[in-house]
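Novice: In this note's numbering, the protein residues as written are 2 to 158. After the structure tokens below, expect a handful of questions from me.
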Amino acid sequence: MTTKFETFLNTLDEKDWLNVVDELSANIHAVDRDATQIWFRFFPLTFSRYWQNVEDKELAIQKFALQGNWELKDQIDSSHNFLCGHRFWKETKKAIEQRIESFDAVNGDLVIEAKQLAQNVANDTKSNVPLTLGISLVGLMTLAQVGAEALKRQKAK
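This is how it looks when you write it as structure tokens:
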């Protein structure tokens, strides 16, 4: 079952996401600013949605010459190891799971959601928002691509 929060995230396309990442980039700590941008290029939403709907996956694998472990669903807890903010993943994931349960709007604002999530994680970890904003954006995109069930199923370490 798709949650209201997932439904909101599913209204956004890749351009929307990248615009938000660009808009918030100056607020992300310098140590993760470029890494966050890179992560979003490693896991493009457009490809994720294509992959979810493609009928002949074997042909698509050949067409794109896909090799190795490239699916986000197989690396929910590790795809962002290269971000300094990865150390806050457990708390980020917990905050996302809480937001999945509490989100009750028809529409939302990704900028506000990302900032609030980062603030919640910063409060929980006694850190600060610039250090948690990049991993918060990554976490939200992970939810958008893999869904709440997969996110919850894999326990963060």
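The beta-carbon is built from N, C-alpha and C at its ideal position, and this holds for glycine as well. Remember, predicted model here, so these are calculated numbers, not experimental data.
I'd like to check one pair, glutamate 7 with alanine 96: are the Cβ atoms closer than 8 angstroms?
Specialist: Stepping through the sequence shown from its first residue, residue 96 is reached at position 95. Stepping through the sequence shown from its first residue, residue 7 is reached at position 6. Cβ distance not < 8 angstroms, so alanine 96 and glutamate 7 don't count as in contact.
Novice: Need the endpoints of the alpha helix (DSSP H) that valine 112 sits in, please.
Specialist: Here the question's residue 112 lines up with position 111 in the sequence shown. 111-126 is the extent of the alpha helix (DSSP H) around valine 112.
Novice: What is the DSSP secondary structure of histidine 87, reduced to helix, strand or coil?
Specialist: Taking the sequence shown and counting its residues from 1, one reaches residue 87 at position 86. If DSSP states are grouped into helix, strand and coil, histidine 87 belongs with the helices.
Novice: Round the Cβ separation of aspartate 78 and glutamine 146 to the nearest angstrom and send it over; I've been treating them as touching at under 8 angstroms.
Specialist: Locating residue 78 in the sequence shown gives position 77, where the first residue counts as 1. Locating residue 146 in the sequence shown gives position 145, where the first residue counts as 1. That pair is no contact at about 14 angstroms.
Novice: So what's tryptophan 71 in DSSP terms, helix, strand or just coil?
Specialist: Translated into positions along the sequence shown, residue 71 becomes position 70. Tryptophan 71 falls in the coil class under three-state DSSP.
Novice: Among Trp71, Ile62, Ile29, Ala66, which one has its Cα closest to the Cα of arginine 163?
Specialist: In the structure as shown, the chain starts at 2 and stops at 158, and residue 163 therefore has no counterpart that could be examined.
Novice: Could you tell me the distance, in whole angstroms, from the CA atom of asparagine 108 to the CA atom of phenylalanine 9?
Specialist: By 1-based counting over the sequence shown, the position of residue 108 is 107. By 1-based counting over the sequence shown, the position of residue 9 is 8. So the two alpha carbons sit approximately 6 angstroms from each other.
Novice: Is alanine 115 near leucine 25, with beta carbons less than 8 angstroms apart?
Specialist: If you number the sequence shown from 1, residue 115 lands on position 114. If you number the sequence shown from 1, residue 25 lands on position 24. Yes, Cβ-Cβ distance for alanine 115 and leucine 25 is below 8 angstroms.
Novice: How is glutamine 155 classed by DSSP in three states: helix, strand or coil?
Specialist: As a position in the sequence shown, residue 155 is number 154, starting the count at 1. Under the three-state reduction of DSSP output, glutamine 155 falls in the coil class, being neither helix nor strand.
Novice: In three-state DSSP terms, what is glycine 140?
Specialist: Here residue 140 refers to the residue found at position 139 of the sequence shown. Reduced to three states, the DSSP call for glycine 140 is helix.
Novice: Do valine 22 and threonine 37 come within 8 angstroms of each other at the CB atom, strictly closer than that value?
Specialist: The count along the sequence shown starts at 1 and reaches residue 37 at position 36. The count along the sequence shown starts at 1 and reaches residue 22 at position 21. In this structure, valine 22 lies closer than 8 angstroms to threonine 37 by Cβ.
Novice: Name the residue from Arg100, Ala31, Leu67 whose alpha carbon lies nearest to the alpha carbon of threonine 4.
Specialist: Here residue 4 refers to the residue found at position 3 of the sequence shown. Ranking the options by Cα distance to threonine 4, first place goes to Arg100.
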